[in-house]
Amino acid sequence: MVISKTKYKASEAEIRELFSFHKVGNVIDTAALGNGEFNSAYKVLCDNGVSYALKIAPPEGSKVLNYERNMMKAEVFWYSQMHEKTDILCPEVYVSDFSKEIIKSNCFIMEMMPGEPLWAMGFSAEEYEAVQKQKICMLTKIHRITNDGYGYIQTGLMASWYEALKDMAIRLVADCKSLGHDTPDGERFVRLIDKHEKLLEAVPCRMVNFDLWDSNVLYNARTGKICWIDPERGFWGDPVADFITLGPGQKAPLSAKQKELDFYNDMAWEKIFITEETEIRYALAVCYLALIEEVEKYVRYEPDNPTYIRNTIDSREMYDMAFGLL
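The working numbering puts the sequence shown at residues 1 to 326.
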C-alpha cells in the first residue's frame, strides 16, 4: 500500500474478530489491497471460500481535512444511491461498523469485485476509448440522481451550489491555516466564487463523484465490463465537475474535452455544452481540486515524499489553467 500518514494498520486478530462478530465467516487469510492514499483496504478470505474487501478509515485522532471527517459514512451512502437508483456495477456493502469497538475506526465489509484498475490493463487506443465510453455512461446515470441540498453530506448541505462551493473552499482554506500554511491561491478562489455568485446560484443539484480516475474503476477482462469503486469523495453539486477526470485530465479546459462531451450527450438526459458559463463552472471545479491537492499534502505526506511533490506541481498547474479562464 502507498505510504501515508492516514492509513490504519489493522492486525490480523482485529480482522478475524470483526468478521466473526458480524458472522461473515472465519478468516483464513488477509492481504493489503489497493493503492489508495487515505483509507486502508484489505482482501480477506474466509473459510466459506469467499473473498471480501475490508475498508478502514484513518485512525481516531488522525489529522484529516474537514470534509474528510466521517467520509466513510458518505461512501456507504453513495454506494446505496448507485444500487438503488442506477444499474451501475459496484460492490455491495455487507456490513458497516462505525462503533470503533473492534477495529478502532469506521470500517465496512463489501463485495470483492473481480478485475484490475483501468490504468493497469495496457489497453490499445481503441480499447481504452471503448472503456471510457462505459465510464462516461456511468456519469450520465449518477447525474440523473437529484437532491435539494448541495455539498458534502458529512459537513451539512446548502441551499445552492454557490453557498456549498464557497463553504467547501473556506473549510479547506481554514484547514490550510490550521496546519501552519497560507494559501493565497485558495483565498483568490474564494473571491472568484463570489464573483460568479449569480451563475453558481443557478447550477442544478446532481450526484457528483469528482474522483472517477482510472484507479477507481476496475475492468473485468472476462466480461469486458467495468466496475465503480471508492465513491467516498462524492458530493451533491455541479455535474460539470465530473469532467475533470475525463479526456486530457484536470489541467485541460472543458473546451479540450469535446469528444468526451459528445459521448456524454449521446447518452445523457440533460446535455452539457461548451459555453462561457460551463467553462467558468468547470474552471471553478478545477480550482477546488487544486485546493484539495494543495492542502492534503500537508496532512498525508512528508515534504520529500514523491506524492507531496506531485501534489505541489499538479495544484500549481491546475490553478494557472483555471485562473486563466476566470
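Note that CB positions come from ideal geometry on N, CA and C, so glycine has one too. The model shown is predicted, which means the values in this text are computed figures rather than measured ones.
Less than 7 Å between C-beta atoms, sequence neighbours within five positions excluded: which residues of the same chain meet that for residue i?
{"i": "W119", "result": "D214 and S215"}
{"i": "E260", "result": "I136, F243, L246 and G247"}
{"i": "K225", "result": "L89"}
{"i": "F263", "result": "K133 and I136"}
Below 8 Å on the Cβ atoms is my contact criterion, and I expect residue i with residue j to pass it. Report the Cβ-Cβ distance as a whole number of Å.
{"i": "P239", "j": "H83", "result": "About 20 Å separates the two Cβ atoms, so there is no contact after all."}
{"i": "M113", "j": "C227", "result": "5 Å"}
{"i": "H22", "j": "D97", "result": "7 Å"}
{"i": "K85", "j": "I145", "result": "5 Å"}
{"i": "L199", "j": "I193", "result": "Wrong, their Cβ atoms sit about 10 Å apart, outside the cutoff."}
{"i": "V295", "j": "L65", "result": "6 Å"}
Between the options, which has its C-alpha nearest residue i's C-alpha?
{"i": "G61", "options": "L157, P184, A13 and V299", "result": "V299"}
{"i": "A10", "options": "K43, N26, V24 and H22", "result": "K43"}
{"i": "Y8", "options": "N39, K225 and N26", "result": "N39"}
{"i": "R316", "options": "H181, L212, E276 and G186", "result": "G186"}
{"i": "V27", "options": "G34, L18 and L33", "result": "L18"}
{"i": "N106", "options": "M168, E197 and R69", "result": "R69"}
{"i": "V93", "options": "L65, E101, L54 and K63", "result": "L54"}
{"i": "R16", "options": "K195, A252 and C46", "result": "C46"}
{"i": "D266", "options": "K251, S178, G122 and M138", "result": "M138"}
{"i": "A290", "options": "D304, K271, T312 and A125", "result": "T312"}
If we count the other Cβ atoms within 10 Å of its Cβ and call it buried at 16 or more, is residue i buried or exposed?
{"i": "G115", "result": "buried"}
{"i": "Y288", "result": "buried"}
{"i": "P306", "result": "exposed"}
{"i": "V208", "result": "buried"}
{"i": "D175", "result": "buried"}
{"i": "F327", "result": "For residue 327 there is no data in the structure shown, the boundaries of the chain being 1 and 326."}
{"i": "E293", "result": "buried"}
Quick one: is the Cβ of residue i within less than 7 Å of any heavy atom of the ligand COA?
{"i": "I15", "result": "Among the components modelled here there is no ligand, and therefore nothing to report on the ligand COA."}
For residue i, which residues from the same chain have a beta carbon less than 6 Å from its beta carbon, with the 5 sequence-adjacent residues on both sides left out?
{"i": "E12", "result": "T30"}
{"i": "P59", "result": "Y8 and S105"}
{"i": "W78", "result": "P231 and G234"}
{"i": "N48", "result": "G25"}
{"i": "G203", "result": "Checking the displayed sequence, the identity of residue 203 turns out to be Val instead of Gly. These residues qualify, in order along the chain: W161 and D238."}
{"i": "T155", "result": "Y67"}
Tell me which residues share the same chain as residue i and place their Cβ nearer than 8 Å to its Cβ, disregarding the 5 neighbours each side in the sequence.
{"i": "R310", "result": "none"}
{"i": "E279", "result": "P253, L254, S255 and L325"}
{"i": "A159", "result": "G149 and Y150"}
Answer yes if the stretch 227 to 236 comes into contact with the stretch 138 to 153, meaning at least three C-beta pairs across the two stretches below 8 Å, and no otherwise. yes
Is it the case that the stretch 162 to 179 contacts the stretch 124 to 140, given that we only count it when at least three CB pairs across the two stretches are under 8 Å? no
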